[in-house]
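S.K.: The structure's right below; bear with me while I get my questions together.
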Amino acid sequence: MKILVTCHARAPITRAVADEVASALHADVDLIIPRQTSNGVVGWLRSAYDTTFDRPTDVVAPARDLDAYDVIVIGSPALRGAVAGPVRTYIERQRVRLRTIALFTTCDDCTGERAVEQMMVLCKRAPLAQLVVRQSDLKSGQAKTDIAKFAQRIASRASRHVAA
Ligand SMILES: Cc1cc2nc3c(=O)[nH]c(=O)nc-3n(C[C@H](O)[C@H](O)[C@H](O)COP(=O)(O)O)c2cc1C
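The opening residue of the sequence shown carries number 2 in my numbering; numbering runs sequentially from there.
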């Protein structure tokens with residue numbers, strides 16, 4: 002079973018969750034890289050501006066061959082209750098290759114669910130599993146348990162899905 006975990010490259014908390022999911026699943030990691038990459042405050046402001054005004058964000062083509070994977074796990078921070086622009090572009094461009102998916106978001110409060118639902122609509126399919134990781138869950142340690150359960154659900158449902 003080949004699993005790829007991918008997420009917004011410029012999203013440190015989401016990336017840390019992606020690394021944990023990948024480690025639990027022995028999966029490869031690939032990053033969604035915005036094409037206009039300014040570093041530091043300028044990059045942060047640009048990304049906030051793009052999100053605020055819902056501007057389409059160009060992304061670099063994936064480094065991995067998505068067709069080689071049985072499952073693709075996609076992660077995004079929730080920004081203003083929505084999926085991050087680069088992740089949206091990635092899904093729109095790669096949709097045909099995203100046959101079996103799992104989705105997660107990170108957020109400060111409860112809008113992570115909205116962003117996951119948006120990702121489902123963009124993917125045009127239901128995920129094997131979905132997860133919202135809140136800052137409070139990361140602080141309390143609850144996120145570790147949730148991430149482990151998320152990975153277990155992906156592994157067990159993926160093997161049934163591939164066998165079917
Ligand atoms: C521009 C911007 C908008 C955000 N909007 C939301 C939001 O609507 N709801 C929420 O719960 N968190 C929001 N957040 C917080 C992030 O979703 C949260 O901190 C996330 O874990 C950040 O992940 P990252 O470090 O991977 O980017 C926002 C953060 C930024 C920078």
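Here a beta-carbon is modelled for each residue, glycine too, at the ideal position from N, C-alpha and C.
1) How far does the beta strand (DSSP E) with Leu32 in it reach, from first residue to last?
2) Is the Cβ-Cβ distance between Thr106 and Thr15 less than 9 Å?
3) When the Cα of Val180 is compared with those of Asp31, Ala83, Trp45 and Arg81, which residue comes out closest?
4) Using only the alpha-carbon positions, how far apart do Asp71 and Arg115 sit?
5) Terminal residues of the continuous alpha helix (DSSP H) containing Gly76?
6) The beta strand (DSSP E) with Arg16 in it runs from where to where?
7) Would you check if there are 3 or more beta carbon pairs closer than 8 Å linking the segment 119-126 to the segment 149-159?
8) Could you pull out every residue in the same chain whose Cβ sits closer than 8 Å to the Cβ of Asp110, ignoring the five residues on either side in sequence?
9) Quick one: grab the DSSP three-state call for Arg135.
10) Would you report the Cα separation of Arg11 and Ser160, rounded to the nearest angstrom?
11) Is any non-hydrogen atom of ligand 1 found closer than 8 Å to the C-beta of Leu80, if you look at the structure I gave you?
12) Leaving out five residues before and five after Arg158 in sequence, what residues of the same chain have Cβ atoms less than 8 Å from its Cβ?
13) For Cys108, which of helix, strand or coil comes out of DSSP?
14) Would the beta-carbon of Asp63 fall within 9 Å of that of His9?
15) Using only CA atoms, which one of Trp45, Leu5 and Asp59 lies nearest to Arg36?
16) How is Val84 classed by DSSP in three states: helix, strand or coil?
M.R.: A quick look at the data gives this:
1) Asp29 to Ile33
2) yes
3) Outside the displayed span of the chain (2 to 165) sits residue 180, for which this structure offers no information.
4) 26 Å
5) Here Gly76 belongs to no alpha helix (DSSP H); instead the beta strand (DSSP E) covers Val72 to Leu80.
6) It is not in any beta strand (DSSP E) - Arg16 instead sits in the alpha helix (DSSP H) that spans Pro13 to Leu26.
7) no
8) Arg135
9) strand
10) 31 Å
11) For ligand 1, at least one heavy atom lies less than 8 Å from the Cβ of Leu80.
12) Closer than 8 Å at Cβ, skipping near neighbours: Leu129 and Ala130.
13) In this structure, Cys108 counts as strand in the three-state DSSP scheme.
14) The displayed chain sequence assigns Pro, not Asp, to residue 63. Not closer than 9 Å, so no.
15) Asp59
16) strand
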